[in-house]
Amino acid sequence: MAELIFFAGTMDCGKSTLALQMDHNHRARGRVGIIFTRLDRSGEAVLSSRLGLSTSAVEVAEELDFWETVVASLTAGARVDYLICDEAQFYTREQVDQLARIVDELDIEVFAFGITSDFRTELFPGSQRLIELADRTQVLQVSALCWCGRRATHNARVVDGVMVVEGEQVVVGDTAEPARESHVEYEVLCRRHHMRRMNSRAAQTAAQSADVLPFDLDACPVPPPG
């Protein structure tokens, strides 16, 4: 029977790479699917991996209705065996409901890939709904690492080198580009360093300070007001 499976993790855990690999494996067995994504780092209507792999995809706008899209394809005579849904954290709750309906009523498998929580450690609406509805939620086995070497469990937003914990939930950035003025980056951190707001830049600055002892690197300087 078809299932709705949510593959969850932090950034850098290989979710997009797995999405591409899964699509390849199914196509190699003669199955036909549709790939969806939203706000990919490489631009619109593309699913890309940090390893350099990419493929074309259907961009998931807020008004897209998964049910109507798939039914229209089937009505036109197309074959649909499965859906690959990347960046699913950005989907609306209604869109996740539509994916569940596709599984239950059309017997089409749905593989969703996404980040669970945002830079404020709060669940994305799409991820929350997937956790609530998915037949299975699988945490990806590839462990992203914090700058300290511990397993990274949280996503951090970094603006001009400084970690922030306030702002809009969705702001597209990329960890692959160097920081520049008004540039938004994302970094994965262990819980300890996320709670202390110590990203890699802050740790490097602290390590170079003559006033900081090695065992003080876990302490995060409080940013000035404003």
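Per the numbering used here, the sequence shown starts with residue 5, numbered consecutively. All C-beta atoms, glycine included, are put in the ideal place defined by N, C-alpha and C. Being a predicted model, the structure only gives us computed values, none of them experimental.
Residue range of the unbroken alpha helix (DSSP H) whose run includes residue i
i, result
"Val106", "First, the residue type needs correcting, since residue 106 is Ile and not Val in the sequence shown. Segment 97-110, the alpha helix (DSSP H) holding Ile106."
"Ala207", "204-211"
"Arg195", "195-199"
Chain D within 8 Å of residue i, Cβ atoms only
i, result
"Glu170", "Considering every chain present, this structure includes no chain D. It has just one protein chain."
Extent of the continuous beta strand (DSSP E) to which residue i belongs
i, result
"Glu72", "Looking at the DSSP string, Glu72 is not in any beta strand (DSSP E); the run it does join, the alpha helix (DSSP H), is 70-79."
"His158", "158-163"
"Met167", "166-168"
"Val114", "113-119"
"Gly37", "37-41"
"Val89", "The sequence shown places Cys at residue 89, rather than the Val named in the question. Where Cys89 is concerned, the enclosing beta strand (DSSP E) stretches over 86-89."
"Thr59", "58-60"
"Leu51", "50-52"
Helix, strand or coil at residue i according to DSSP, with G and I counted as helix
i, result
"Leu22", "helix"
"Phe10", "strand"
"Met5", "coil"
"Asp27", "helix"
"Phe219", "Confidence at Phe219 is low in this model, with a pLDDT of 44, below 50, so its placement is unreliable and no value can be given for it."
"Arg184", "Low per-residue confidence applies at Arg184: pLDDT is 44, beneath 50, and the placement is therefore not dependable, though the value from the model is reported in the following sentence. Residue state, collapsed to three classes: coil."
Status (buried if at least 16 other CB within 10 Å, exposed otherwise) for residue i
i, result
"His197", "buried"
"Thr14", "buried"
"Thr209", "exposed"
"Glu7", "exposed"
"Val100", "buried"
"Pro229", "Because Pro229 sits at a pLDDT of 44, beneath the cut-off of 50, its placement in the model cannot be relied upon, and the following sentence gives the value as read from the coordinates. Its Cβ having fewer than 16 others within 10 Å, Pro229 is exposed."
"Val162", "buried"
"Met199", "exposed"
"Asn29", "exposed"
"Gln102", "buried"
"Arg33", "exposed"
Discussion item. If we require 3 or more residues per run, which beta strand (DSSP E) segments fall completely within the region 128-154?
Written reply: Runs found: 140-143.
Worksheet item: With contact counted as at least three CB pairs below 8 Å, one residue from each stretch, are the region 9-29 and the region 46-56 in contact?
Response: Counting Cβ pairs under 8 Å, three or more are found: they touch.
Item to complete: Examine the Cβ distances between the region 29-43 and the region 62-69 and report whether three or more of them are shorter than 8 Å.
Response: Because the criterion of three Cβ pairs below 8 Å is met, the region 29-43 and the region 62-69 touch.
Worksheet item: Given 8 Å as the limit, is there contact between the region 120-130 and the region 87-98, that is, 3 or more CB pairs closer than that?
Response: Result yes; three or more Cβ-Cβ pairs closer than 8 Å.
Worksheet item: For the 8 Å Cβ check, are there 3 or more pairs between the region 187-196 and the region 149-162?
Response: The answer is yes - the region 149-162 touches the region 187-196, with three or more Cβ pairs under 8 Å.
Worksheet item: Do three or more CB pairs link the region 97-116 to the region 142-153 at distances below 8 Å?
Response: No, because fewer than three Cβ pairs between the region 97-116 and the region 142-153 fall closer than 8 Å, the two stretches do not touch.
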